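Just below is one structure, and these are the notes that go with it.
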Amino acid sequence: LQNTLGAGVGFLVDENKQIVVHPNPDKVLKTWSHDPTLLPTSTTPQGGAAYDDRFPDATPRLLFVQPAAGTDWLVVIELPFINVLQLAVQISTPLFLILLGVGLLAGLGLLLLTRAITRPIQDLSGAAVQIARGQLEQPITLSGEDEVGQLGSAFEQMRLSLKDRLDDLSLLLRVSEAVSASLDLERGVPPLLAGAMQASLAHVARLVLLSDDGVPEMVLTHESLATLTPLDKALATLAVQSETPILIENVVRARSRALIDPALIGPGVRAIAAVPVRRQTRPLGMMWLGYAEPRSFTQSEVNVLGTLAGQAAVFIENARLFQAAEGGRRRLQAVLNSTSDAVIVTDQTTRVLLCNPATEVAFGLAPGASMGRLISELWPKSAMERLLNADENAATRTEEIMLPDGRTLYGSASAIISGDGQAIGRVAVLRDITYLKELDAMKSEFVATVSHDLRAPLTYMRGYATMLPMVGSLSTKQQDYAEKIMAGIEQMTELIDDLLDLGRIEAGVGMVREDAALADIIRTVVEAQAGQAMAHGLSLKTGYLSERTIQSDPGLMRHAVTNLIDNAIKYTPSGGSILVEVEERDDCMVVVVADTGIGIAPADQARLFERFYRVKRRETIDIKGTGLGLAIVKSIAQWHGGRVWVESQLGSGSTFYFLVPLNA
Ligand code: ADP
Numbered sequence: 170l171q172n173t174l175g176a177g178v179g180f181l182v183d184e185n186k187q188i189v190v191h192p193n194p195d196k197v198l199k200t201w202s203h204d205p206t207l208l209p210t211s212t213t214p215q216g217g218a219a220y221d222d223r224f225p226d227a228t229p230r231l232l233f234v235q236p237a238a239g240t241d242w243l244v245v246i247e248l249p250f251i252n253v254l255q256l257a258v259q260i261s262t263p264l265f266l267i268l269l270g271v272g273l274l275a276g277l278g279l280l281l282l283t284r285a286i287t288r289p290i291q292d293l294s295g296a297a298v299q300i301a302r303g304q305l306e307q308p309i310t311l312s313g314e315d316e317v318g319q320l321g322s323a324f325e326q327m328r329l330s331l332k333d334r335l336d337d338l339s340l341l342l343r344v345s346e347a348v349s350a351s352l353d354l355e356r357g358v359p360p361l362l363a364g365a366m367q368a369s370l371a372h373v374a375r376l377v378l379l380s381d382d383g384v385p386e387m388v389l390t391h392e393s394l395a396t397l398t399p400l401d402k403a404l405a406t407l408a409v410q411s412e413t414p415i416l417i418e419n420v421v422r423a424r425s426r427a428l429i430d431p432a433l434i435g436p437g438v439r440a441i442a443a444v445p446v447r448r449q450t451r452p453l454g455m456m457w458l459g460y461a462e463p464r465s466f467t468q469s470e471v472n473v474l475g476t477l478a479g480q481a482a483v484f485i486e487n488a489r490l491f492q493a494a495e496g497g498r499r500r501l502q503a504v505l506n507s508t509s510d511a512v513i514v515t516d517q518t519t520r521v522l523l524c525n526p527a528t529e530v531a532f533g534l535a536p537g538a539s540m541g542r543l544i545s546e547l548w549p550k551s552a553m554e555r556l557l558n559a560d561e562n563a564a565t566r567t568e569e570i571m572l573p574d575g576r577t578l579y580g581s582a583s584a585i586i587s588g589d590g591q592a593i594g595r596v597a598v599l600r601d602i603t604y605l606k607e608l609d610a611m612k613s614e615f616v617a618t619v620s621h622d623l624r625a626p627l628t629y630m631r632g633y634a635t636m637l638p639m640v641g642s643l644s645t646k647q648q649d650y651a652e653k654i655m656a657g658i659e660q661m662t663e664l665i666d667d668l669l670d671l672g673r674i675e676a677g678v679g680m681v682r683e684d685a686a687l688a689d690i691i692r693t694v695v696e697a698q699a700g701q702a703m704a705h706g707l708s709l710k711t712g713y714l715s716e717r718t719i720q721s722d723p724g725l726m727r728h729a730v731t732n733l734i735d736n737a738i739k740y741t742p743s744g745g746s747i748l749v750e751v752e753e754r755d756d757c758m759v760v761v762v763a764d765t766g767i768g769i770a771p772a773d774q775a776r777l778f779e780r781f782y783r784v785k786r787r788e789t790i791d792i793k794g795t796g797l798g799l800a801i802v803k804s805i806a807q808w809h810g811g812r813v814w815v816e817s818q819l820g821s822g823s824t825f826y827f828l829v830p831l832n833a
């Protein structure tokens, strides 16, 4: 008992609780008991019980009490707890070491196992990242029969097809770049055909172009223009009839022979792809590729060839449109360059869009210098600016333009109206009318001389005609004839006066320039003609009269205003009214004479200011006049650096404007 656990004591207790055997003789025959309230921590099937309690000196101990079989004696073992723990340690240490070893081995195994599983997945995710970044050059090498291996080979296939697609796309991009860089068929088609050869590994590529009526017209190879062969023609006829590409995988097979005569195909071509080039439904041509070996065509190859044919169609159409437009432009250019009339086109902001050489010569401009410049910059405050200014008024405007070299141009400008009715600029044509001007001057000189010479005999005639009744009494008939002669003499005198006035104004003889207010002139004239107006049953009134003075020849001004008011009285039926005004506009004065008379038709308005021009209408037949009144008004306006114009509508009156610049 003493050596059971290498420590502690074991002893026997009899039925009287007296120790009978104990290694310490002092304890023998002593009474032994233990705390009956203590509960056993464990029991044995043989009735033994173990208790945790303490030695009398309070150190913990393990107490084991085992009743001896067949007696009331007890076997008791007292064991210090420390020994129990030591024993436990002794037993558990090797166990712990074994467990540790086993654990380490299991961990290592697990590590290796997981690595074997995760490594391919990592590789796979690396490959996915690589594809996502577009790095498609490196092959994905994941093999094996398991799912990861299968996934790997699916990835590799995906990489290959993506790479093919990308290659096709970049090829198409390169081709379209090369094609769009030019609008010339002979330069744009070869890169396109080279692309088609590269896309399907062909060794011949040709594009047959059709004329407008569908006949093969010319052929281009991937290098240049070539001669049209019977094969080109035969393939073009075949392909144009078909909606889809014609694929001949092996030219010697019977089915191919039925399509195309093998005698036409040269020895080097064993397979052919012919793709129709169409714009919507209109056939423009056909692209065909020849291969050195028989082959089968993949769907993606056919797709790429179809796309290239589409590009070819757009390109051919653009190139043809460009050629047509360019031809038209060249013709127009040649016409404009060779005309002797000056032609100028401006946009709606009055910038010069076109200016032909005749214009540049007339105005002494350097070739091309006027392009894009504003009219107001090129010809500030001039007749040219008035002709081409950006007025919404679409009507044709006319101006006489004096050139520094003494020539006179007659400019006529009208608005350019776009298809939707918008004015998008103006076009002016300027014609040299110098010879007409010279003719006019000669005419004036002739008329002046003749009229002066006519005046003297007329004075005699008037004198003698007035004296006729004085030399003897006249019969009524004679009296009547004498009056008619007088009226004729009056009319001739009036005509000659007008002609002389015109000649004087044009020659600038005896003219003055002094400050005068147009308002005063108008008041005097209106007063003087009030009686005549009243006699015609008309109301003659003045409206707003600007009192501003102006440098002018007052006599001429009076003449001009008189002529205008005179006309208004003559051509307004009784009951009508005449209004005279003078207003200040920008840097000029404008006299306005408005009547409610018979009006003037547009065709007559254009010629009104010509000499001797008289409107021939039923209403004017009985009105006497020379046809020189307005020509004189125009000359007076021009002498003052101004102009005169009319606005009128047949039947509802006319308004004459007489403009004189303030700083003429
Ligand atoms: P005329 O001596 O015939 O009046 P003008 O040169 O003064 O000559 O005028 C030319 C023509 O213009 C006239 O014949 C006339 O038909 C027309 N005309 C001039 N003024 C008016 C007016 N206020 N209203 C209508 N017609 C006019």
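Numbering (the working numbering), first residue to last: 170 to 833.
Glycine included, each C-beta is placed from N, C-alpha and C at the ideal position.
Everything numeric in this text was worked out from a predicted model, so none of it was measured.
Cross-strand partners of S708 (DSSP beta bridge): Paired residues: S746.
DSSP state of Q319 mapped onto helix, strand, coil: Helix at Q319.
Cβ neighbour criterion (16 or more within 10 Å) applied to F265: Counting other Cβ atoms within 10 Å of its Cβ, F265 stays below 16 and is therefore classed as exposed.
C-beta atoms of A617 and L687 nearer than 8 Å: Cβ atoms of A617 and L687: not closer than 8 Å.
Residue range of the unbroken alpha helix (DSSP H) whose run includes I801: It spans 798 to 808 - the alpha helix (DSSP H) in which I801 sits, taken as one unbroken run.
L733 versus S330, V761, E663, residue with shortest Cα-Cα distance: Closest by alpha carbon: V761.
Neighbourhood of G217 by C-beta distance below 7 Å, restricted to the same chain and skipping five residues each side: Non-local beta-carbon contacts of G217 in its own chain, meaning distances under 7 Å to residues more than five positions away in sequence, involve F233, V234, Q235 in chain order.
Heavy atom of ligand 1 within 7 Å of A737 beta-carbon: At a threshold of 7 Å, A737 counts as near ligand 1, since its beta carbon sits closer than that to one of the ligand's heavy atoms.
Cβ neighbours of D353 in the same chain (closer than 7 Å, five flanking residues each side left out): Within the same chain, D353 has close Cβ partners A488.
8 Å CB neighbourhood of E663 in its chain, flanking five on each side removed: Exclusion of the five residues before and after E663 leaves T795 as the residues of its chain whose Cβ lies within less than 8 Å of its Cβ.
beta-carbon R783 near ligand 1 non-hydrogen atom, thresh 7 Å: Yes; taking the cut-off as 7 Å, the Cβ of R783 has a heavy atom of ligand 1 nearer than that.
8 Å Cβ cutoff met for V438 and V373: For V438 and V373, yes; Cβs fall inside 8 Å.
Reduced DSSP secondary structure (H/G/I, E/B, other) of P452: Three-state result, P452: strand.
7 Å Cβ shell around G768 - same chain, five flanking residues per side excluded: Excluding residues within five positions, the ones whose Cβ falls inside 7 Å are S817, Q818, L819, G820, S821, G822, S823.
Reference A858, options G594, R786, D183, A323, closest by Cα: This structure leaves residue 858 out entirely; the chain is present only between 170 and 833.
Residues near L759 by beta carbon distance below 6 Å, same chain, minus five either side: According to the sequence shown, residue 759 is Val rather than Leu. Excluding positions up to five away in sequence, the list reads E752, Y826, L828.
Nearest-angstrom Cβ-Cβ length linking R682 and D622, presumed shorter than 8 Å: That pair is no contact at about 31 Å.
Sequence-distant residues of its chain with Cβ nearer than 7 Å to R448 (five each side left out): So the list reads A482, E486, once near-sequence residues are dropped.
Proximity of D601 and R631 at Cβ, strictly below 8 Å: Not closer than 8 Å, so no.
Among S620, I260, I441, Y220, nearest to L248 - alpha-carbon criterion: Measuring from the Cα of L248, the nearest candidate turns out to be Y220.
Cβ-heavy atom distance, L637 to ligand 1, below 7 Å: Flag unset: Cβ of L637 not near ligand 1.
Status (buried if at least 16 other CB within 10 Å, exposed otherwise) for Q698: Under this definition Q698 is a buried residue.
Residues bridged to D516 (per DSSP): Looking at the DSSP output, D516 sits in a beta bridge with G594.
Under 8 Å between C-beta atoms of V694 and V730: V730 sits close to V694, with the two beta carbons spaced by under 8 Å.
Extent of the continuous beta strand (DSSP E) to which I570 belongs: It spans 566 to 571 - the beta strand (DSSP E) in which I570 sits, taken as one unbroken run.
Residue of P526, R520, T287 minimising C-alpha distance to S509: Looking at the Cα atoms, P526 is the closest of the given residues.
DSSP state of T645 mapped onto helix, strand, coil: In this structure, T645 counts as helix in the three-state DSSP scheme.
L433 - containing alpha helix (DSSP H), residue span: Premise fails: L433 is in no alpha helix (DSSP H) and is neither H nor E.
Among V358, D382, D381, Q367, the one whose alpha carbon lies nearest that of R375: The candidate whose alpha carbon is nearest that of R375 is V358.
Whole-number beta carbon distance between G459 and L378, since they are thought to touch under 8 Å: The C-beta distance from L378 to G459 rounds to 18 Å, too long to meet the 8 Å contact threshold.
Distance CB(V409)-CB(P445) smaller than 8 Å: Taking C-beta atoms as the reference points, V409 and P445 count as a pair closer than 8 Å.
Option in Q774, T200, P263, L231 with minimal Cα separation from S211: Answer by Cα proximity: L231.
Euclidean distance between Cα positions of L256 and K186: K186 has its alpha-carbon roughly 30 Å from the corresponding atom of L256.
Ligand 1 heavy atom lying under 7 Å from the CB of G766: Short note on G766: C-beta closer than 7 Å to some heavy atom of ligand 1.
6 Å CB neighbourhood of F180 in its chain, flanking five on each side removed: The beta carbon of F180 sits closer than 6 Å to those of I188, V190, H191, V245, all from its chain and outside the five residues before and after it, given in chain order.
Counterpart residues of S509 in DSSP-defined beta bridges: In DSSP, S509 forms no bridge with anything.
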